[in-house]
Amino acid sequence: TKQKLWGGRFTGKTDPLMHAFNQSLKYDRRMFAADIKGSIAYAKSLTLVGILSQEEEVKIIQGLQSVLKEWQDGSFEVQADDEDIHTANERRLSELIGPLGGKLHTGRSRNDQVATDMRLWLLEEVKAIEEGLKGLIRVMVERADKEKDIILPGYTHLQRGQPIRWSHLLLSHAFSFSSDLERLQQIVPRISVSPLGCGALAGNPFVVDREFLAKELGFQSVAENSLWGVGDRDFIVEFLTWASLAMVHVSRMAEDLVVYSTAEFGFITLSDAYSTGSSIMPQKKNPDSLELLRGKSGRVFGNMAGFLMTLKGLPSTYNKDLQEDKEPLFDAVDTVSASFQIAEGVIATLEVHSGRMRQALTMDVLATDLADYLVRKGIPFRETHHISGRAVALAESRKCQLNELTLADFKALNVNFSDDIHDVFDFEASLERRESIGGTSRKMVDRQISVLRAILKK
Ligand code: ARG
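Residue 283 in UniProt numbering sits at position 278 of the sequence shown, with consecutive numbering throughout.
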């Protein structure tokens, strides 16, 4: 009759509902490769301290590789009693190689095992996410490079502010993503810490070489305290907070594009590939991709907040609450990965309506430039701001554009206005004046593009 791996001291049966409640295999099976990788390294370390003979090690490793293959080709048969990926793999190993399989867990606990698996698994995912993020940034940079001539109003408070290049706007979001890239790289050393050999909590009595284990598994360092090693999940919190902020950036960019895709703005049209229709209103083309990108940020933040709540108040070392680290982490990884991919597709395929953007450039967005004109004639900005404001008000009362006021009108507001006033009313010239670092001039937009390209090459 089947016995649970930990069944020795038990006489009563597990309540069936409790069994299901306790079981994590349905989601932690996705760490099968990490689990087997950790076990192979651990078998080697047991040989080094004489617990396994060389032949035993070979048999165990071959057995583990067969289990791995079963997961990979889908032939692994889950048994009702398998509790989690660790017990499932061990159960299967012993079926394949007999009682020898029972030696593998010597000095090891699922506590150091699961912490090891989670870190190994996350490190692999982080590599993929980094590539996804770079892909998104790359598409934004390439698009920005091609569309530098397209200009539109830049907004504050969603009110027209000053003219900018479309590329400048795209790149502003790309810079948020490049900070995310940097932050992601910065959390890696704290994920890449090996808990293997910490045992259940107090350390490993067979004195396995933990530095050897760390090296075998590609970890950058070793957990220096075994209680910490089995109980720490800060690396998951860090990933979740990282993901929350990255998704806030995705969401803010999506919101810009949702607004720009309305008929009222008409600045962009999403490709059909990233839009959906309405079941009742035949004319509708909805930016569902963008709305989902915006919406998914809430879910990732929820994973972070929920897991912090799980951690708070836990006593030291391992507690079963920690099994609740998986679903939020897995969900955040899946959501962020998919979001970067969708965002990349949306940006790569959207259509930009440069004419509509240009039409939105009313002359009042040059009011700052008008004030600056007088500054260049030596008048303090606080006065020129006021004078320019009065010009705006005058044009508004006459229902005309700012540049349709006559020179006499301007002169009535301030004697320093002269013929060259009309040079102010040139959007391109306004862009080109913003030529210090970070500005919207062509040269400074080119500079941003090269900065980001250099980051992508690293
Ligand atoms: N499935 C468990 C988890 O994910 C593995 C560790 C179980 N350890 C234990 N002592 N019950 O956290």
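Glycine included, each C-beta is placed from N, C-alpha and C at the ideal position. As the structure is a prediction and not an experimental result, all values here were calculated from the model.
Under 7 angstroms between C-beta atoms of residue i and residue j
{"i": "I241", "j": "D122", "result": "no"}
{"i": "P194", "j": "Q225", "result": "yes"}
{"i": "F345", "j": "L138", "result": "yes"}
{"i": "L51", "j": "V72", "result": "no"}
{"i": "I196", "j": "R124", "result": "yes"}
{"i": "R170", "j": "I192", "result": "no"}
{"i": "F312", "j": "L245", "result": "yes"}
{"i": "L176", "j": "L201", "result": "no"}
{"i": "F335", "j": "S249", "result": "no"}
{"i": "L298", "j": "A259", "result": "yes"}
{"i": "L407", "j": "A417", "result": "no"}
{"i": "L186", "j": "W247", "result": "no"}
{"i": "L457", "j": "A179", "result": "yes"}
{"i": "E437", "j": "M449", "result": "no"}
{"i": "L366", "j": "V429", "result": "no"}
{"i": "L53", "j": "D214", "result": "yes"}
{"i": "G236", "j": "Y323", "result": "yes"}
{"i": "F211", "j": "I56", "result": "yes"}
{"i": "P158", "j": "R148", "result": "no"}
{"i": "residue 2", "j": "V341", "result": "This structure cannot settle anything about residue 2, because the visible part of the chain is limited to 6 through 463."}
{"i": "E135", "j": "L105", "result": "no"}
{"i": "D150", "j": "I454", "result": "yes"}
{"i": "L295", "j": "L262", "result": "yes"}
Status (buried if at least 16 other CB within 10 Å, exposed otherwise) for residue i
{"i": "G103", "result": "exposed"}
{"i": "R113", "result": "buried"}
{"i": "N308", "result": "buried"}
{"i": "C203", "result": "buried"}
{"i": "V420", "result": "exposed"}
{"i": "N94", "result": "buried"}
{"i": "P292", "result": "buried"}
{"i": "S446", "result": "buried"}
{"i": "L310", "result": "The sequence shown places Ala at residue 310, rather than the Leu named in the question. So A310 ends up on the exposed side."}
{"i": "M286", "result": "exposed"}
{"i": "V63", "result": "exposed"}
{"i": "T6", "result": "Its pLDDT being 48, under 50, T6 is placed unreliably by the model, and the measurement read from it follows with that caveat. T6 should be labelled exposed."}
{"i": "R403", "result": "exposed"}
{"i": "G17", "result": "exposed"}
{"i": "F182", "result": "buried"}
{"i": "R14", "result": "exposed"}
{"i": "A228", "result": "buried"}
{"i": "S284", "result": "exposed"}
{"i": "I426", "result": "buried"}
{"i": "I442", "result": "exposed"}
{"i": "V131", "result": "buried"}
{"i": "R96", "result": "buried"}
{"i": "L412", "result": "exposed"}
{"i": "T92", "result": "buried"}
Among the options, nearest to residue i - alpha-carbon criterion
{"i": "residue 498", "options": "A120, A417 and Q84", "result": "In the structure as shown, the chain begins at 6 and stops at 463. Residue 498 is therefore absent and cannot be evaluated."}
{"i": "Y160", "options": "E409, Y378, D369 and K462", "result": "D369"}
{"i": "residue 500", "options": "G383, C405, L379 and E409", "result": "An answer regarding residue 500 cannot be provided, because it is not within the stretch 6 to 463 covered by the chain."}
{"i": "K108", "options": "S58, S71 and D150", "result": "S58"}
{"i": "M145", "options": "V212, H173 and V131", "result": "H173"}
{"i": "L10", "options": "R238, I90, I156 and T445", "result": "I90"}
{"i": "K301", "options": "D154, V338 and G234", "result": "V338"}
{"i": "S423", "options": "A38, L316, G68 and K382", "result": "K382"}
{"i": "F432", "options": "R363, D414, D377 and E296", "result": "R363"}
{"i": "Y265", "options": "L141, A48 and L163", "result": "L163"}
{"i": "R35", "options": "E129, Q67, D261 and G303", "result": "E129"}
{"i": "K42", "options": "E100, Q118 and S435", "result": "Q118"}
Within-7 angstroms CB hit, residue i to chain C
{"i": "K448", "result": "The structure shown contains no chain C; it is built from a single protein chain."}
Any non-hydrogen atom of ligand 2 within 6 angstroms of residue i CB
{"i": "S231", "result": "As far as ligands go, the structure on display features ligand 1 and does not contain ligand 2."}
Is the region 15-28 touching the region 73-82, taking contact as three or more C-beta pairs under 8 angstroms?
With the cut-off at 8 angstroms, the region 15-28 and the region 73-82 do not touch.
Is there contact between the region 348-355 and the region 274-282, where contact requires at least three CB pairs shorter than 8 angstroms?
yes
Should the region 208-226 be regarded as contacting the region 244-260, the criterion being three or more beta carbon pairs within less than 8 angstroms?
no
Take every Cβ of the region 325-341, pair it with every Cβ of the region 21-41, and state whether three or more of those distances are shorter than 8 angstroms.
yes
Given 8 angstroms, three or more beta-carbon pairs between the region 255-272 and the region 356-364:
yes
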